[in-house]
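**Q**
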Amino acid sequence: MIDFHTHLGHGGRTLDDVRRHIDAHGGGLSVLLPIEPGPTSALGDDDGWSTRRALEAHEACPGETIPFANVDPMSPDALEQLRSLHETGVAKGFGEQKNRLPVDHPRCLEIYRLCGEVGWPVLIHMDYTGVFGSNFPALEGVVRSLPETTFIGHAMAWWTNISADAVTDPRSPGFADYPAGPVKPVGLTDRLLGEYPNLYCDLSARSGYHGLHRDPEFARGFLRRHRARLLWGTDCPCVDGRGNLRDGGARPCLAGLMLPLLRDLCESDDHFDDITHDNGARLLGLAT
34 MIDFHTHLGH GGRTLDDVRR HIDAHGGGLS VLLPIEPGPT SALGDDDGWS
84 TRRALEAHEA CPGETIPFAN VDPMSPDALE QLRSLHETGV AKGFGEQKNR
134 LPVDHPRCLE IYRLCGEVGW PVLIHMDYTG VFGSNFPALE GVVRSLPETT
184 FIGHAMAWWT NISADAVTDP RSPGFADYPA GPVKPVGLTD RLLGEYPNLY
234 CDLSARSGYH GLHRDPEFAR GFLRRHRARL LWGTDCPCVD GRGNLRDGGA
284 RPCLAGLMLP LLRDLCESDD HFDDITHDNG ARLLGLAT
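The sequence shown lines up with residues 34 to 321 when you count with our numbering.
#1: By Cβ distance below 8 angstroms, which residues in the same chain neighbour residue 56 in space, the five residues on each side in sequence not counted?
#2: Taking DSSP's pairing of strands, which residues face residue 186 in a bridge?
#3: Fully enclosed by the stretch 190-235, which alpha helix (DSSP H) runs are 4 residues long or longer?
#4: I'd like the span of the beta strand (DSSP E) that includes residue 38, first residue to last.
#5: Cα separation between residue 324 and residue 193?
#6: Considering only the alpha carbon of each residue, which of 210, 53 and 123 lies closest to residue 276?
#7: Excluding five sequence neighbours on each side, which residues of the same chain lie with their C-beta closer than 6 angstroms to the C-beta of residue 12?
#8: If you follow the beta strand (DSSP E) that residue 308 is part of, which residue opens it and which one closes it?
#9: Starting from the C-beta of residue 138, find all residues in its chain whose C-beta is less than 8 angstroms away, skip the five residues before and the five after it, and write them out in chain order.
#10: I'd like the ranges of any alpha helix (DSSP H) spanning at least 4 consecutive residues and lying wholly in the stretch 52-95.
#11: Note the first and the last residue of the continuous beta strand (DSSP E) segment covering residue 45.
#12: Would you please verify whether the beta carbon of residue 307 is less than 7 angstroms from any beta carbon of chain D?
#13: Would the stretch 199-216 count as touching the stretch 143-157 if we require 3 or more Cβ pairs under 8 angstroms?
#14: Leaving out five residues before and five after residue 243 in sequence, what residues of the same chain have Cβ atoms less than 6 angstroms from its Cβ?
#15: Taking the CB atoms as reference points, tell me whether residue 160 and residue 188 lie closer together than 7 angstroms.
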């Protein structure tokens, strides 16, 4: 399998924790997504999730990890940093982009354009209450205007908009980061995946799990329609694939929740394999 969404530093996670996590569910590759510190970064000045750490982890364990690269778009030398990282030939994509900027900010567009030129997919976190990757409706214009760049949608705004009746104003009494109940067709996310071949979907985190779990009938059709562009990932903070956290607490492991759900919703073993491995392998130029 390929877990397309993991972080070093998430809940204090180490490389060994990331490896134990995927091994508990059958083994495979873990995509390491850094979030670089900077003026608009979700992590502020915390470098515990940095590109440097992801690259060092890959050097230590190249057969089980795939590092991405990240910069804060507002860093003065952001593009120069990315060009330098690309020249090493080690990083395979850009993200997780989790910044206090709208998805169509001019500095973000510069990064997306460069990633398209060098063949890197871009994984973007989009939400409402955290103001990371805001202005979700602008995503369509971004994806349409940069057809050479592959985008991967992730997080609460992405999954809220699988439903056409999504409540997107956090001030509204009906708003929820993880809405429940039947999905009303056709939501913006569903439509965009159907219309733009350079757009992929990250199934990770509570947002991905709740997005599929809330309406199984819709989810079966969603997985069938977009079979070739769905990427399994976890974004899980647990250290062992069993829900145990580094601070001694516990919560349900997101792999433990999502994998049985996918087994139930997918039409066949081949369908399951596409989502949990083959789509990611094709996107990153690996063997399927």
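We put the beta carbon where it would ideally sit given N, CA and C, even for glycine.
Model, not experiment: these values are computed from the prediction.
**A** Considering the structure as presented:
#1: Residue numbering aside, residue 56 sits at position 23 when the sequence shown is read from its first letter. Contacts found: 274.
#2: Taking the first residue of the sequence shown as 1, we reach residue 186 at position 153. Per DSSP, 157 and 234.
#3: List check, alpha helix (DSSP H) in window: 221-228.
#4: Counting from 1 along the sequence shown, the entry for residue 38 is found at position 5. Taken as a continuous stretch (DSSP letters only), the beta strand (DSSP E) holding residue 38 covers 35-39.
#5: An answer regarding residue 324 cannot be provided, because it is not within the stretch 34 to 321 covered by the chain.
#6: In the sequence shown, counting from the first residue as 1, residue 276 sits at position 243. Out of 210, 53 and 123, 53 has the C-alpha closest to the C-alpha of residue 276.
#7: Lying before the first or after the last residue shown, residue 12 is absent from the chain, which here runs from 34 to 321.
#8: Counted from its first residue, the sequence shown places residue 308 at position 275. Premise fails: residue 308 is in no beta strand (DSSP E) and is neither H nor E.
#9: As a position in the sequence shown, residue 138 is number 105, starting the count at 1. Answer for residue 138: 106, listed in chain order.
#10: The stretch 52-95 contains, as complete alpha helix (DSSP H) runs of 4+ residues, the segments 84-93 (chain order).
#11: Stepping through the sequence shown from its first residue, residue 45 is reached at position 12. That residue, residue 45, is in no beta strand (DSSP E); it is neither H nor E in DSSP.
#12: The question asks about chain D, but that chain is absent: this structure has only one protein chain.
#13: Judged by Cβ distances under 8 angstroms, the stretch 199-216 makes no contact with the stretch 143-157, as fewer than three pairs qualify.
#14: On the sequence shown, residue 243 is found 210 positions in, with the first residue counted as 1. Around residue 243: 211.
#15: Here residue 160 corresponds to residue number 127 of the sequence shown, with the count starting at 1. Here residue 188 corresponds to residue number 155 of the sequence shown, with the count starting at 1. When the beta-carbon positions are compared, residue 160 and residue 188 come within less than 7 angstroms of each other.
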